[in-house]
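Asks:
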Amino acid sequence: MIGDIRALLARHLPGYEVHTAVPSGDGLDNTVHLVNGELIVRARVSDPGSVRREVALLAVVKDLVAVRVPEVLFADERAGVIAYHALPGLPLDQHPVPDPKRLAEPLGGLLSALHAAPVERMRELAPPDLYPAPTLLHDAQLDYRDVERHVPAGQRPLVERFLAAEPPPEPSTLRFCHNDLGAEHLLADAATSTLTGVIDWTDAAVTDPAHDFAKILRDLGPEVLDLVLASYDGPFDGEDRRRALFYARCALIEDLAYGLSTGPARYAEAALAHLEWTFTG
């Protein structure tokens, strides 16, 4: 891979010397390398043709929100690669902050801005994501069969009651969303508990805004979620909360299955650590 990175940088940044290229945060859809401790080079594995759309999207998002997002240094559509200077801070999933409540106000402001963006304009840059709740629940039921033995016996009834219940009705309103606002995509300064950036906008979509609150609940807990909502300017009622809880629980089961199979073990560890607050929050 380092040879490919050298070739890409030679083409797009003539004279830039590659001394180190360290894998950083690979996921299901992307491979990511940190070059020379300063440059992120991310290759889109599943859909390289989406690069042009993401570059345009990031340019718009940068002007929408107060939080820092990647500013593209160069993009290579043929290789499915985007490069940008690494943002300050470290991902929350691997570097928790001592006071996560301090993240709530900027997250509330971020989601207020995203969800207020003109839907028709954003639809040109971010595809609709209309995955039905019954299908999500069915997927969670299948995943749970594979991981049930790893869930502590005392917590299994929480999960099983959820899986046996009816899914919530579909949302009446769709908004522009980050759509994958998990801790791995939130950067923060651990010394000050300050949100320093939001990364990985590849799943951004026009969808149910409850998706953006779901992973905040799953990863940061119900207390932080309530503080985020206190700083949020958009509507959020009991049905919105019901859907956010539903999405959070499905996402936790998915992460548990991923971390116990092909993904990094930290996904499963976090899922188990956050299971109780996610299924009772």
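Each residue of the sequence shown is one higher than the one before, starting from 865 at the first, in our numbering.
In this text, a Cβ means the ideal position worked out from N, Cα and C, and glycines have one as well.
This one's a predicted model, so the numbers in the text were calculated from it and none came from an experiment.
From L903 to H949, what distance separates their C-alpha atoms?
Replies: 5 Å
Asks: Could you work out which residue in A1054, A1029, P1073 is closest to F1143 when comparing CA atoms only?
Replies: A1029
Asks: Could you pull the start and end residues of the alpha helix (DSSP H) that Y1111 belongs to?
Replies: 1102-1124
Asks: Nearest CA to the CA of A923: which residue from H897, A943, L989, V896?
Replies: Of the listed residues, the one whose Cα sits closest to A923 is L989.
Asks: On a Cα-Cα basis, can you pick out the residue from S976, G1127, V899, D927 that is closest to D1097?
Replies: S976
Asks: Relative to the C-alpha of A907, which residue among L921, A947, A871 is closest?
Replies: A907 has its Cα closest to that of A947, out of L921, A947, A871.
Asks: Give a yes or no on whether the minimum CB-CB distance between P1031 and chain C is below 8 Å.
Replies: The question asks about chain C, but that chain is absent: this structure has only one protein chain.
Asks: Buried or exposed: which applies to L1006, given that a residue is buried once 16 or more other Cβ atoms fall within 10 Å of its Cβ?
Replies: exposed
Asks: Taking DSSP as the reference, what is the three-state secondary structure of A943?
Replies: In the three-state reduction of the DSSP assignment, A943 falls in the coil class.
Asks: Provide the residue span of the beta strand (DSSP E) that contains H1002, from first to last.
Replies: The continuous stretches of beta strand (DSSP E) do not include H1002, which lies in the alpha helix (DSSP H) extending over residues 997-1011.
Asks: Out of L1038, L1045, Y1111, L1051, point me to the one whose CA is closest to T999's CA.
Replies: Ranking L1038, L1045, Y1111, L1051 by Cα distance to T999 puts Y1111 first.
Asks: When you compare the CB positions of R1107 and D1076, do they come within less than 8 Å of one another, or not?
Replies: no
Asks: Would you give the residue range spanned by the beta strand (DSSP E) that A1028 belongs to?
Replies: Segment 1020-1028 is the alpha helix (DSSP H) holding A1028; no beta strand (DSSP E) there.
Asks: Buried or exposed for R942, going by 16 or more other Cβ atoms inside 10 Å?
Replies: Answer is exposed; the Cβ neighbour count stays below 16.
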